[in-house]
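Chemist: For what it's worth, my numbering labels the leading residue of the sequence shown as 20, then goes sequentially. Ideal Cβ positions, reconstructed from N, Cα and C, are used throughout, including at glycine.
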Amino acid sequence: MASTQITVEVSGFKTQEIYDEVFSKMVDDAQPIPGFRRVKGDVRECVMPYKFGIHMNSVNSIPKDILLEILGPSKVYEQVIRKIINSAIAECVAKEGLTVSEDLQIGQSLEDLEASFEPGSNFKFDATVQCLDKS
Numbered sequence: 020m021a022s023t024q025i026t027v028e029v030s031g032f033k034t035q036e037i038y039d040e041v042f043s044k045m046v047d048d049a050q051p052i053p054g055f056r057r058v059k060g061d062v063r064e065c066v067m068p069y070k071f072g073i074h075m076n077s078v079n080s081i082p083k084d085i086l087l088e089i090l091g092p093s094k095v096y097e098q099v100i101r102k103i104i105n106s107a108i109a110e111c112v113a114k115e116g117l118t119v120s121e122d123l124q125i126g127q128s129l130e131d132l133e134a135s136f137e138p139g140s141n142f143k144f145d146a147t148v149q150c151l152d153k154s
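The structure is reproduced here in structure tokens:
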């Protein structure tokens, strides 16, 4: 079994896509937030979508920055970074046609990765994978 060191860079588009996906899932799974109603179904299905000139979606939706504070930025970023790493490594391994063990080592600490992560920006990390011999 040989170790292979790789540096992976994920595009800003992909980091934003994964962030939005993970964030939405975490919001859906979160407990109801006091003072805000949970919107079910399509807002356009409301009988009176423009009552008093206010769109119902703007009344019922919680700003993303408030949701991020409630969920905890570190918790959200940790989940996003883990998903980015897993999908990027899987894509890299498939692209190169490698057979690797599940033992994966990341060159940076989670704290360092969180500090360098910004949704919508390129994200770079180092990893060491264990290549399996083809028998």
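Might you give, ordered along the chain, the residues of its own chain that have their beta carbon closer than 8 angstroms to the beta carbon of Ile73, omitting 5 neighbours on each side?
Modeler: Residue placement at Ile73 is poorly supported in this model, since its pLDDT is 38, which falls under 50; the coordinates are not used for a value here.
Chemist: Is Glu130 helix, strand or coil when you go by DSSP?
Modeler: In this structure, Glu130 counts as helix in the three-state DSSP scheme.
Chemist: Going by other Cβ atoms of all chains shown within 10 Å of its Cβ, with 16 needed for buried, is Met67 buried or exposed?
Modeler: Low confidence applies here, because Met67 scores a pLDDT of 41, under 50, leaving its location unreliable and the question unanswered by this model.
Chemist: Which two residues bound the contiguous beta strand (DSSP E) that contains Tyr146?
Modeler: It is worth fixing the name first, because residue 146 is Ala in this sequence and not Tyr. Start and end: 142-150.
Chemist: Which word fits Ala107, buried or exposed, when buried means at least 16 other C-beta atoms lie within 10 angstroms of its C-beta?
Modeler: It counts as buried.
Chemist: Since Ser22 and Thr147 should fall inside the 8 angstroms C-beta cutoff, what is the C-beta to C-beta distance between them, to a whole number of angstroms?
Modeler: Yes, they are in contact, since the Cβ atoms of Ser22 and Thr147 sit about 5 angstroms apart, within 8 angstroms.
Chemist: In three-state DSSP terms, what is Gln35?
Modeler: Reduced to three states, the DSSP call for Gln35 is helix.
Chemist: Please tell me whether Lys143 and Glu36 are closer than 7 angstroms, where the distance is taken between their beta carbons.
Modeler: Contact flag unset, no.
Chemist: Can Val46 and Leu87 be called in contact, C-beta distance under 7 angstroms?
Modeler: No, they are not a contact pair.
Chemist: One question on the structure: do Pro138 and Thr26 come within less than 7 angstroms of each other, judged by their Cβ atoms?
Modeler: Cβ atoms of Pro138 and Thr26: not closer than 7 angstroms.
Chemist: Expressed to the nearest angstrom, what Euclidean distance is found between the alpha-carbon atoms of Arg101 and Gly116?
Modeler: Cα-Cα distance, rounded: 22 angstroms.
Chemist: For Ser22, write down the residues that DSSP places opposite it in a beta bridge.
Modeler: Its beta-bridge partners are Gln149.
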